[in-house]
Amino acid sequence: MSMNNPNPRIGSYIEPGYAPKPVFVDDGVYTQILDAIVVACLDIVLVHEGKILLGKRAWHPQADWWIIGGRMRPGEELEVAAARHAKRDLGLELPHDRFSYLTSFSTAWKVRRHAPADHGTHTTSIVMVIELTTEEAESIKLNEEYTEQQWLAPADILANVDFHPALHQCALALAQDLRANVEYL
């Protein structure tokens, strides 16, 4: 087994010879899959000048303020998934080695994007963090999944009772790291 990231808080263990065989399934099969599994997600807390980027999602399972990210692909290392989502969702080309582990959470959502929406979905999210330069923060271009963005200090996220508890968890983890002078660049 190899661990490609020297960060001891991150583990992407891929056996030699593993070769993912991605397939696309029709909607009916995908509905059955969503009803039967927990979806693995990789989310990102993007930080600039001590503030966290939140995007207002256009669809479920969290059609509200959220962090950037989404499903992982088979055989995908955590940092690779983070860089892929940063590029897809924000138009940012970010090096894999700048991402660090922040926290993890599991969420059972009552509504999902795919029909039947009322079946909900269960996700587990590994959350990575990256500190952006001013140039990177200013060049963000949201994709169609997000309708708007805002930068908030961790304390502002924690003070907002309308934000999802997972956002509070991310803000608290980041605030703890900032107090401990953890650097992400």
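Take the sequence shown: its position 8, counted from the start at 1, is 7 in numbering that gives the first Met the number 0, and no numbers get skipped.
Even for Gly, the Cβ is constructed at its ideal location relative to N, Cα and C.
Would you say T106 and H113 are within 9 Å of each other, going by their C-beta atoms?
Locating residue 106 in the sequence shown gives position 107, where the first residue counts as 1. Locating residue 113 in the sequence shown gives position 114, where the first residue counts as 1. Taking 9 Å as the Cβ cut-off, T106 and H113 do not qualify as a contacting pair.
G90 beta carbon less than 9 Å from that of N159:
Within the sequence shown, the letter at position 160 stands for residue 159. Within the sequence shown, the letter at position 91 stands for residue 90. No, the pair does not count as a contact, with Cβ atoms beyond the cut-off.
Do you know offhand how far P115's Cα is from R178's?
On the sequence shown, position 116 is the one that residue 115 refers to. On the sequence shown, position 179 is the one that residue 178 refers to. In this structure, the CA atom of P115 is about 44 Å from the CA atom of R178.
Is A154 helix, strand or coil by DSSP?
Residue numbering aside, residue 154 sits at position 155 when the sequence shown is read from its first letter. Helix, per DSSP.
Measure the beta-carbon distance from A170 to I51 and round it to whole angstroms, keeping in mind my assumption that it falls under 8 Å.
Residue mapping note: residue 170 aligns to position 171 of the sequence shown, counting from 1. Residue mapping note: residue 51 aligns to position 52 of the sequence shown, counting from 1. Right, the Cβ-Cβ distance comes to about 6 Å (below 8 Å), so this counts as a contact.
At least three beta-carbon pairs within less than 8 Å, the segment 84-104 to the segment 14-30
no
Reference E76, options E48, L41, K109, K140, closest by Cα
Taking the sequence shown and counting its residues from 1, the one referred to as residue 76 is at position 77. Among E48, L41, K109, K140, the Cα nearest to that of E76 is on L41.
If you reduce the DSSP assignment to three classes, tell me which class D26 lands in.
As a working mapping, residue 26 is identified with position 27 in the sequence shown. Helix, per DSSP.
Per DSSP, D42 is paired with what?
Taking the first residue of the sequence shown as position 1, residue 42 is located at position 43. Paired residue(s): G68, V126.
With DSSP as the reference, please indicate the residues paired to R56 in a beta bridge.
Position 57 of the sequence shown, counted from the first residue, corresponds to residue 56. For R56, which the question treats as bridged, DSSP gives the partners Y145.
Close-in-space but distant-in-sequence residues of the same chain around Q168 (CB under 8 Å, 5 per side omitted)
On the sequence shown, residue 168 is found 169 positions in, with the first residue counted as 1. Closer than 8 Å at the Cβ level, and outside the excluded window around Q168, lie T102, F104.
Please check the pair S99 and M71, which I expect to be a contact at CB under 8 Å, by giving their CB distance rounded to whole angstroms.
Taking the sequence shown and counting its residues from 1, one reaches residue 99 at position 100. Taking the sequence shown and counting its residues from 1, one reaches residue 71 at position 72. In fact, because the Cβ distance is near 17 Å, the residues do not count as touching under 8 Å.
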